[in-house]
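Chemist: Here the sequence shown stands for residues 1 to 498, numbered as in UniProt numbering.
Even for Gly, the Cβ is constructed at its ideal location relative to N, Cα and C.
Just so it is clear, the structure is predicted and the values come from calculations on it, not from any experiment.
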Amino acid sequence: MNIVMVSSECAPFFKTGGLADVVAALPKALAKKSHKLTVFLPKHRGLPHDIASQLKFIGSFDVHVKWRKQYCGLLSYETDQVTYYFIDNEYYFNRAHLYDEMDDAERYVFFTHAFFKALEHLDATPDLIHCHDWQTALIPLYIKAGTYQRQVKTVFTIHNLKYQGIFPLSVFNELLHLDQIHLGGLEFRGAINFMKAALIHADWVTTVSPSYANEILDPYYGEGLESFLHERGTSLSGIVNGIDEDVYNPGNDLYVSIPYKKHYARKKENKRIMQQELDLTISKDIPMFAVISRLVEEKGLPLLVHILDELLTTESVQVVIMGTGESKFEEHFQAISNRYPNSCRFMNVFQEGLARRLYASSDFFLMPSRFEPCGLSQLIALRYETVPLVRETGGLKDTIQPYNEFTGEGNGFSFTNYNANDFLNTIRYGIHLYHQPKHWNQLLKNIYKSKLNWEHSAGQYEDIYKKLLNPKNEEEPYDHDSRQSEPDPEREAHLVIR
Numbered sequence: 001m002n003i004v005m006v007s008s009e010c011a012p013f014f015k016t017g018g019l020a021d022v023v024a025a026l027p028k029a030l031a032k033k034s035h036k037l038t039v040f041l042p043k044h045r046g047l048p049h050d051i052a053s054q055l056k057f058i059g060s061f062d063v064h065v066k067w068r069k070q071y072c073g074l075l076s077y078e079t080d081q082v083t084y085y086f087i088d089n090e091y092y093f094n095r096a097h098l099y100d101e102m103d104d105a106e107r108y109v110f111f112t113h114a115f116f117k118a119l120e121h122l123d124a125t126p127d128l129i130h131c132h133d134w135q136t137a138l139i140p141l142y143i144k145a146g147t148y149q150r151q152v153k154t155v156f157t158i159h160n161l162k163y164q165g166i167f168p169l170s171v172f173n174e175l176l177h178l179d180q181i182h183l184g185g186l187e188f189r190g191a192i193n194f195m196k197a198a199l200i201h202a203d204w205v206t207t208v209s210p211s212y213a214n215e216i217l218d219p220y221y222g223e224g225l226e227s228f229l230h231e232r233g234t235s236l237s238g239i240v241n242g243i244d245e246d247v248y249n250p251g252n253d254l255y256v257s258i259p260y261k262k263h264y265a266r267k268k269e270n271k272r273i274m275q276q277e278l279d280l281t282i283s284k285d286i287p288m289f290a291v292i293s294r295l296v297e298e299k300g301l302p303l304l305v306h307i308l309d310e311l312l313t314t315e316s317v318q319v320v321i322m323g324t325g326e327s328k329f330e331e332h333f334q335a336i337s338n339r340y341p342n343s344c345r346f347m348n349v350f351q352e353g354l355a356r357r358l359y360a361s362s363d364f365f366l367m368p369s370r371f372e373p374c375g376l377s378q379l380i381a382l383r384y385e386t387v388p389l390v391r392e393t394g395g396l397k398d399t400i401q402p403y404n405e406f407t408g409e410g411n412g413f414s415f416t417n418y419n420a421n422d423f424l425n426t427i428r429y430g431i432h433l434y435h436q437p438k439h440w441n442q443l444l445k446n447i448y449k450s451k452l453n454w455e456h457s458a459g460q461y462e463d464i465y466k467k468l469l470n471p472k473n474e475e476e477p478y479d480h481d482s483r484q485s486e487p488d489p490e491r492e493a494h495l496v497i498r
């Protein structure tokens with residue numbers, strides 16, 4: 001299959017979170033299955049120099065955003081059997097931030113129009129277009145509306161339903177090249193909602209774990225869009241993310257002080273080095289807990305704030321927190337770090353190398369999230385042979401099985417209720433088993449066996465693509481040359497318009 005993916009970020013080019021890791025790893029996994037993979041991205045500021053120097057200029061063209069005529073450059077880069085195309089416009093994308101700019105609507109409408117123009121420029125004939133998150137959510141709508149010359153199947157992946165691309169209603173007339181009949185497919189609660197457009201018009205909607213796919217059907221997690229998700233029926237799927245085990249590998253990670261693989265003694269040496277570097281009490285026997293997170297409420301940080309003093313005063317532990325975010329959390333964790341200089345350290349930064357070393361150094365990784373569509377941090381923790389301790393929600397529930405000391409099964413610890421006492425009690429249970437070599441060694445053996453790569457998940461995406469391209473007979477191989485290249489008037493007449 002000729003598969004095109006569209007996203008606002010992708011590692012190692014640009015990254016603000018897990019979306020970048022997914023869009024980096026999934027195309028590689030699909031390419032290994034002999035599919036043709038192409039990824040379209042904005043050319044944001046900060047592209048690594050070694051990559052920028054290898055970009056190939058393909059061409060340039062004008063892109064209209066209503067009355068605005070803007071330059072668009074198209075550049076390419078190839079690696080790992082995947083071709084990446086970068087949409088270049090300095091006015092829109094040479095910014096300090098990928099998101100949260102005053103003109104985000106215009107920036108990503110331009111990106112959408114530029115994507116279609118780039119397909120025309122390349123004379124590309126994709127079998128399927130896979131869009132990621134709200135920044136690309138208009139693409140399925142434009143295809144169904146017939147503004148693109150081919151009726152291509154679309155898949156839309158929700159990475160976090162909380163971020164929907166909500167803008168003033170005036171955006172419709174100011175930026176979107178659509179007839180008024182399509183306003184109903186975009187308007188929600190008096191605003192333009194990009195995410196809604198994709199939920200209605202994409203041929204298939206996926207999200208990043210089976211549990212999250214079920215949770216978002218409920219108003220508590222549905223962020224107001226649960227009714228549209230219910231209407232998807234069987235064309236809504238949850239597929240858990242994987243990680244790129246070549247990128248995350250403690251056996252050859254250049255950031256890790258002492259490389260290791262299934263070697264607990266060498267892992268403890270990394271802890272000793274980290275304790276020395278952070279000026280914590282040096283002891284291989286004190287369990288170290290790590291938190292690497294955006295400092296926002298949804299990550300469950302109010303629970304951590306509530307228990308941290310009691311944990312540090314009643315247990316012999318060390319807690320290392322790294323991240324940036326809301327000032328109330330930054331200030332609280334800094335104050336805690338100052339009060340407990342021998343056992344707590346707060347690093348108000350995010351640095352990839354330091355994060356890798358912290359994964360490699362810690363015994364436990366804490367993720368008490370209020371909700372978590374999938375989460376990659378717990379998977380990275382498993383890869384670095386660190387025990388995740390999580391709340392049972394979304395992808396955390398799907399990837400972490402609580403350890404059972406009677407059966408010896410499980411690869412971490414978990415608690416169900418969003419409750420600080422439950423969180424603290426689970427931590428204390430983990431500490432109890434940490435000091436029992438029989439159980440701790442069994443837990444580590446289970447972690448060593450955890451399957452974390454993309455092979456299975458990529459196969460599930462592949463199955464969805466096949467269902468869309470072969471609705472009558474999924475077993476027959478898809479014939480690229482036989483697909484319909486012109487819009488189908490009968491199909492256009494049955495567009496879902498609200």
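#1: Between residue 379 and residue 264, how many whole angstroms is the CB-CB distance? I'm expecting something under 8 angstroms.
#2: If we count the other Cβ atoms within 10 Å of its Cβ and call it buried at 16 or more, is residue 17 buried or exposed?
#3: When burial is assigned at 16 or more other CB atoms within 10 Å of the CB, is residue 179 buried or exposed?
#4: Could you tell me the distance, in whole angstroms, from the CA atom of residue 80 to the CA atom of residue 9?
#5: With a cut-off of 8 angstroms, do at least 3 Cβ pairs link the region 207 to 223 to the region 388 to 397?
#6: Give me the residue from 282, 248, 269 with the minimum Cα distance to residue 258.
#7: What number of angstroms, rounded off, separates the C-alpha of residue 417 from the C-alpha of residue 149?
#8: Taking the runs of the beta strand (DSSP E) that are 3 residues or longer, which of them lie wholly in the region 132 to 166?
#9: Which runs of the beta strand (DSSP E), 3 residues or longer, sit entirely within the UniProt domain "Glycosyl transferase family 1" (282 to 441)?
#10: With a 10 Å radius around its C-beta and 16 neighbouring C-beta atoms as the bar for buried, classify residue 353 as buried or exposed.
#11: I'd like to know whether the C-beta atoms of residue 203 and residue 163 end up nearer to each other than 8 angstroms.
#12: Would residue 428 and residue 315 be called neighbours here (beta carbons separated by less than 8 angstroms)?
#13: Buried or exposed for residue 177, please, with buried defined as at least 16 other CB atoms from any protein chain shown within 10 angstroms of its CB.
#14: Taking only three categories from DSSP, how would you classify residue 68?
#15: Under three-state DSSP, which class holds residue 470?
#16: Any chance the region 63 to 81 sits against the region 105 to 113, with 3 or more Cβ pairs inside 8 angstroms?
#17: Return helix, strand or coil for residue 208, following the three-state DSSP convention.
#18: Taking 8 angstroms as the threshold (C-beta atoms), are residue 234 and residue 157 in contact?
#19: Ordered along the chain, which non-local residues of its own chain (more than five positions away) have a Cβ less than 6 angstroms from that of residue 482?
#20: How should residue 329 be labelled, buried or exposed, when 16 other C-beta atoms within 10 angstroms of its C-beta is the threshold for buried?
#21: In the DSSP output, which residue or residues are listed as bridge partners for residue 193?
#22: Should residue 36 and residue 88 be called a contact, given that it needs their Cβ atoms to be closer than 8 angstroms?
#23: With DSSP as the reference, identify every bridge partner of residue 3, one or two as the case may be.
#24: Check the DSSP bridge columns for residue 59 and list the partner residues they point to.
#25: Go through its chain and collect everything with a Cβ distance to residue 276's Cβ below 8 angstroms, but skip five positions before and after it.
#26: At a cut-off of 7 angstroms, is residue 145 close to the ligand HEM when judged by its beta-carbon and the heavy atoms of the ligand?
#27: Is residue 489 helix, strand or coil when you go by DSSP?
#28: Kindly indicate the opening and closing residues of the beta strand (DSSP E) around residue 83.
#29: Measuring straight from C-alpha to C-alpha, what distance separates residue 300 and residue 323?
#30: Name the one or two DSSP bridge partners that residue 457 has.
#31: Check whether the Cβ atoms of residue 500 and residue 305 lie closer than 8 angstroms to each other.
#32: With a threshold of 16 other CB atoms inside 10 Å of the CB of residue 54, please say whether the residue is buried or exposed.
#33: Let me know if residue 525 comes out buried or exposed under the rule of 16 or more other beta-carbons within 10 Å of its beta-carbon.
#34: From which residue to which residue does the beta strand (DSSP E) around residue 238 run?
#35: For residue 140, tell me which candidate among 155, 127, 464 has the shortest Cα-Cα distance.
#36: I need the straight-line Cα distance from residue 470 to residue 143, nearest angstrom please.
Modeler: On the basis of the coordinates in this document:
#1: Start at 1 with the first residue of the sequence shown, and residue 379 comes out as number 379. Start at 1 with the first residue of the sequence shown, and residue 264 comes out as number 264. At roughly 20 angstroms, the Cβ-Cβ gap does not stay under 8 angstroms, so residue 379 and residue 264 are not in contact.
#2: Sequence index remark: in the sequence shown, residue 17 carries index 17 (1-based). Classification of residue 17: exposed, given that the 10 Å Cβ count is below 16.
#3: Counting from one through the sequence shown, the residue named residue 179 turns up at place 179. Flag for residue 179 reads exposed.
#4: For this step, residue 80 is matched to residue 80 along the sequence shown. For this step, residue 9 is matched to residue 9 along the sequence shown. Taking the straight line joining both Cα atoms gives about 17 angstroms.
#5: yes
#6: As a position in the sequence shown, residue 258 is number 258, starting the count at 1. The shortest Cα separation from residue 258 among 282, 248, 269 belongs to 269.
#7: Here residue 417 refers to the residue found at position 417 when the sequence shown is read from its first residue. Here residue 149 refers to the residue found at position 149 when the sequence shown is read from its first residue. Near 50 angstroms, if we compare the C-alpha coordinates of residue 149 and residue 417.
#8: 153 to 158
#9: 288 to 292, 318 to 322, 344 to 347, 364 to 367, 387 to 391, 413 to 415
#10: Start at 1 with the first residue of the sequence shown, and residue 353 comes out as number 353. It is exposed - the Cβ of residue 353 has fewer than 16 other Cβ atoms within 10 Å.
#11: Against the sequence shown, residue 203 aligns to sequence position 203. Against the sequence shown, residue 163 aligns to sequence position 163. No, the Cβ-Cβ distance between residue 203 and residue 163 is not below 8 angstroms.
#12: Counted from its first residue, the sequence shown places residue 428 at position 428. Counted from its first residue, the sequence shown places residue 315 at position 315. Yes, these two residues count as a Cβ contact at 8 angstroms.
#13: Looking up residue 177 in the sequence shown gives position 177. Label assigned to residue 177: exposed.
#14: On the sequence shown, position 68 is the one that residue 68 refers to. Three-state DSSP puts residue 68 in a strand.
#15: Position 470 of the sequence shown, counting from 1, holds the residue named residue 470. DSSP places residue 470 in coil when its eight states are reduced to three.
#16: yes
#17: By one-based count along the sequence shown, residue 208 stands at place 208. It is coil, neither helix nor strand.
#18: Start at 1 with the first residue of the sequence shown, and residue 157 comes out as number 157. Start at 1 with the first residue of the sequence shown, and residue 234 comes out as number 234. It is not a contact, given that the beta carbons lie outside the stated cut-off.
#19: Locating residue 482 in the sequence shown gives position 482, where the first residue counts as 1. Interpretation of residue 482 is limited by its pLDDT of 41, a score under 50 that renders its predicted location unreliable; the figure taken from the coordinates is listed afterwards. Around residue 482: no qualifying Cβ.
#20: Taking the sequence shown and counting its residues from 1, one reaches residue 329 at position 329. That one is buried.
#21: In the sequence shown, the residue the question calls residue 193 occupies position 193. Beta-bridge pairing links residue 193 to 166.
#22: Counting from 1 along the sequence shown, the entry for residue 36 is found at position 36. Counting from 1 along the sequence shown, the entry for residue 88 is found at position 88. Against a cut-off of 8 angstroms, the Cβ pair of residue 88 and residue 36 comes out as no contact.
#23: Walking along the sequence shown from the start, residue 3 turns up at place 3. Partner(s): 37, 128.
#24: Against the sequence shown, residue 59 aligns to sequence position 59. DSSP, once it has assigned bridges, lists 74 as partnering residue 59.
#25: Taking the first residue of the sequence shown as position 1, residue 276 is located at position 276. The residues are 282.
#26: Of ligands this structure carries none, so the ligand HEM is not represented either.
#27: Residue 489 sits at position 489 when you count from the first residue of the sequence shown. Residue placement at residue 489 cannot be trusted, given a pLDDT of 39 that sits under 50; what the coordinates show is reported in the next sentence. It is helical.
#28: The residue you call residue 83 lines up with position 83 of the sequence shown. 82 to 88 is the span of the beta strand (DSSP E), which, as asked, contains residue 83.
#29: Residue 300 sits at position 300 when you count from the first residue of the sequence shown. Residue 323 sits at position 323 when you count from the first residue of the sequence shown. Residue 300 and residue 323: Cα-Cα distance of roughly 14 angstroms.
#30: Taking the sequence shown and counting its residues from 1, one reaches residue 457 at position 457. Per DSSP, none; premise fails for residue 457.
#31: Beyond the ends of the chain as shown, which are 1 and 498, falls residue 500; an answer cannot be given.
#32: Residue mapping note: residue 54 aligns to position 54 of the sequence shown, counting from 1. It counts as exposed.
#33: In the structure as shown, the chain starts at 1 and stops at 498, and residue 525 therefore has no counterpart that could be examined.
#34: Residue 238 sits at position 238 when you count from the first residue of the sequence shown. Looking at the DSSP string, the run of the beta strand (DSSP E) that includes residue 238 is 236 to 238.
#35: By one-based count along the sequence shown, residue 140 stands at place 140. Nearest of 155, 127, 464 to residue 140, Cα basis: 155.
#36: Mapped onto the sequence shown, residue 470 falls at position 470. Mapped onto the sequence shown, residue 143 falls at position 143. The straight-line gap from Cα to Cα measures roughly 19 angstroms.
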